[in-house]
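J.:
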Amino acid sequence: MEKKILIQKLWNLVNLAEDYYSTGFKSRHPEIKEAPVKQVENGEKGQSPGKRLESIKQEILTCKKCSLHYGRTNAVPGEGNLHADIFIVGNGPDEEEDATGRPFAGNAGNYLDKWLTAIQLDKGRHCFVSNIVRCRPPQNRDPGLEESRACFVYIDEQLAIIKPKVILCLGRIPGQILTGKLTTSVAKLRDQLFSCKGIPVIVTYHPVSVLQDQSLRKPVWEDLKRLKMILDKQTG
Ligand code: URA
125 MEKKILIQKL
135 WNLVNLAEDY
145 YSTGFKSRHP
155 EIKEAPVKQV
165 ENGEKGQSPG
175 KRLESIKQEI
185 LTCKKCSLHY
195 GRTNAVPGEG
205 NLHADIFIVG
215 NGPDEEEDAT
225 GRPFAGNAGN
235 YLDKWLTAIQ
245 LDKGRHCFVS
255 NIVRCRPPQN
265 RDPGLEESRA
275 CFVYIDEQLA
285 IIKPKVILCL
295 GRIPGQILTG
305 KLTTSVAKLR
315 DQLFSCKGIP
325 VIVTYHPVSV
335 LQDQSLRKPV
345 WEDLKRLKMI
355 LDKQTG
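Letter by letter, the sequence shown follows residues 125 to 360 in our numbering.
(1) Can you check whether the CB of Val290 is closer than 7 angstroms to the CB of Ile210?
(2) Are the Cβ atoms of Pro173 and Gly202 separated by less than 7 angstroms?
(3) Please list the segments of the beta strand (DSSP E) lying wholly inside the stretch 185 to 263, counting only runs of 3 or more residues, in order along the chain.
(4) Taking the alpha-carbon positions, what's the Arg249 to Lys175 distance?
(5) From the beta carbon of Val257, is the nearest beta carbon of chain B less than 7 angstroms away?
(6) Between the Cα of Glu183 and the Cα atoms of Tyr278, Ala208 and Leu206, which residue gives the shortest distance?
(7) Have a look at Pro343 and Lys305 and give me their C-alpha separation to the nearest angstrom.
(8) At a threshold of 6 angstroms, does Leu324 count as lining the ligand URA (C-beta to nearest heavy atom)?
(9) How long is the line joining the alpha carbons of Pro229 and Glu221, rounded to whole angstroms?
(10) Just to confirm my understanding: we take Leu348, look at its own chain, exclude 5 residues before and 5 after, and list those with CB closer than 7 angstroms. What are they?
(11) Which value, in whole angstroms, describes the spacing of the CA atoms of Ser319 and Met353?
(12) Less than 6 angstroms separating the Cβ of Gly214 from some heavy atom of the ligand NAP?
(13) Residue range of the beta strand (DSSP E) that Leu294 falls in?
(14) Which same chain residues end up closer than 6 angstroms to Ile212 when comparing Cβ atoms and leaving out the 5 residues on each side of it in sequence?
(15) Excluding sequence positions up to five away, which residues of its chain have a Cβ less than 8 angstroms from the Cβ of Asp218?
(16) Beta-carbon within less than 6 angstroms of Lys189's beta-carbon, same chain only, minus the 5 sequence neighbours each way: which residues are those?
(17) With the cut-off set at 7 angstroms, would you say Leu107 and His330 are in Cβ contact?
(18) Assuming Gly322 contacts Pro262 under a Cβ cut-off of 8 angstroms, what Cβ separation, rounded to an integer in Å, is found between them?
(19) Can you name, in chain order, every residue of its own chain whose Cβ lies under 7 angstroms from the Cβ of Thr147, other than the five neighbours on each side?
(20) Please find out if some non-hydrogen atom of the ligand URA comes closer than 6 angstroms to the beta-carbon of Ala223.
(21) What does the Cβ neighbour count give for Gln282, buried or exposed, with the cut at 16 atoms within 10 Å?
(22) Is Pro267 helix, strand or coil when you go by DSSP?
(23) With distances taken Cα to Cα, identify the nearest neighbour of Ile180 among Arg258, Gln316 and Leu355.
(24) Quick one: grab the DSSP three-state call for Thr303.
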């Protein structure tokens, strides 16, 4: 057999195995079966989840959906396990994230790692980490509503592929956007359990806010325990 055809056949087999695995993964999440799986703009029909996630990443890296792209060094597509149980949503890239293209690459990220370790979770293994906007807002200001809306398509697409068991929103902006409660404070949002596309949403304070105000440590710890309880319940 010609070498090129053989390589193509092997490649098809690899794709088949990936898709078989993802189907099994879906059947373990019957509660979110209905989540819409959108076609990625530059993706091809029938792509495996890993390839679709990679297509979204490439799309984000060259995104010009809003004016934030003018000021970026690197867009930050988000990263983590394709089969993550937890989908973490932050605000947007700061200086370190803009420089490295990686989410939560600085102090806030180190602190977040500690939170997850405290509930026996590992960021790389159990989570996918994303942000409301993928380009750094000037002077680290909060993302605006129009910027957040323009960028939400990426959260939508990543959620549809990863199908996490729970979404963890860090801070006011992610909390308001994911719950649709655009004028509610974190203090009120964290008191309730919301869902987004059938996936439970937990809202807590942003690590940066907790680093600045130690009195927020106790409520965050309560929220983390709630997150762990939801996960453990679903794992059985
Ligand atoms: N703060 C965020 O909200 N997101 C990051 O990626 C880094 C810091």
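C-beta: ideal position from N, C-alpha, C; glycine also. All figures in this text were calculated on a predicted structure; none of them were measured in a lab.
T.: According to the structure data:
(1) Position 86 of the sequence shown holds residue 210. Position 166 of the sequence shown holds residue 290. A contact, by the Cβ cut-off of 7 angstroms.
(2) Position 49 of the sequence shown holds residue 173. Position 78 of the sequence shown holds residue 202. Taking 7 angstroms as the cut-off, the Cβ atoms of Pro173 and Gly202 do not count as close.
(3) Here the runs fully enclosed are 210 to 214 and 251 to 255.
(4) As a first step, residue 249 is located in the sequence shown; it is residue number 125 there, counting from the start. As a first step, residue 175 is located in the sequence shown; it is residue number 51 there, counting from the start. Put simply, the backbone Cα of Arg249 is about 19 angstroms away from that of Lys175.
(5) No chain B is present in this structure, which holds just one protein chain.
(6) Against the sequence shown, residue 183 aligns to sequence position 59. Of Tyr278, Ala208 and Leu206, the residue nearest in Cα terms is Tyr278.
(7) Your numbering for residue 343 matches position 219 in the sequence shown. Your numbering for residue 305 matches position 181 in the sequence shown. Each residue's alpha carbon lies about 20 angstroms from the other.
(8) Here residue 324 corresponds to residue number 200 of the sequence shown, with the count starting at 1. The question names Leu, but residue 324 in the sequence shown is Pro. Flag unset: Cβ of Pro324 not near the ligand URA.
(9) The sequence position of residue 229 within the sequence shown is 105, counting from 1. The sequence position of residue 221 within the sequence shown is 97, counting from 1. Reading off the sequence, residue 229 comes out as Ala, not Pro. Each residue's Cα considered, the two are about 6 angstroms apart.
(10) Counting from one through the sequence shown, the residue named residue 348 turns up at place 224. Apart from sequence neighbours up to five positions away, the residues of its chain that approach Leu348 with a beta-carbon distance below 7 angstroms are Trp239, Ala242 and Ile243, ordered along the chain.
(11) Here residue 319 is taken as the residue at index 195 of the sequence shown, counted from 1. Here residue 353 is taken as the residue at index 229 of the sequence shown, counted from 1. Roughly 16 angstroms between the two C-alpha positions.
(12) Ligands present in the displayed structure are limited to the ligand URA, and the ligand NAP is not among them.
(13) As a first step, residue 294 must be located in the sequence shown, where it is residue number 170. Judged by DSSP secondary structure, Leu294 falls within the beta strand (DSSP E) whose first and last residues are Val290 to Leu294.
(14) Your numbering for residue 212 matches position 88 in the sequence shown. Residues Cys251, Val253 and Leu292 of the same chain have their beta carbon placed closer than 6 angstroms to that of Ile212, with the five preceding and five following residues left out of the count.
(15) Residue 218 sits at position 94 when you count from the first residue of the sequence shown. Counting only Cβ-Cβ distances below 8 angstroms, and skipping sequence neighbours, we find Gly230, Ala232, Arg260 and Asn264.
(16) Here residue 189 corresponds to residue number 65 of the sequence shown, with the count starting at 1. When the five nearest sequence neighbours on each side are left out, the beta carbons in the same chain lying within less than 6 angstroms of the beta carbon of Lys189 are those of Ala274, in order along the chain.
(17) This structure cannot speak to residue 107, because the chain is shown only from 125 to 360.
(18) Here residue 322 refers to the residue found at position 198 when the sequence shown is read from its first residue. Here residue 262 refers to the residue found at position 138 when the sequence shown is read from its first residue. In this structure Gly322 does not touch Pro262 by the C-beta definition: roughly 36 angstroms separates them, more than the 8 angstroms allowed.
(19) Position 23 of the sequence shown, counted from the start, is the residue given in the question as residue 147. Its pLDDT being 35, under 50, Thr147 is placed unreliably by the model, and the measurement read from it follows with that caveat. Excluding positions up to five away in sequence, the list is empty.
(20) Working through the sequence shown from its first residue, we reach residue 223 at position 99. The answer is no for Ala223.
(21) Numbered from 1 along the sequence shown, position 158 holds the residue referred to as residue 282. Within 10 angstroms of the beta-carbon of Gln282 lie 16 or more other beta-carbons, which makes it buried.
(22) The residue you call residue 267 lines up with position 143 of the sequence shown. Coil at Pro267, not helix or strand.
(23) By one-based count along the sequence shown, residue 180 stands at place 56. Of the listed residues, the one whose Cα sits closest to Ile180 is Arg258.
(24) To locate residue 303, count along the sequence shown from 1; it is residue 179. Secondary structure of Thr303 (DSSP, three-state): helix.
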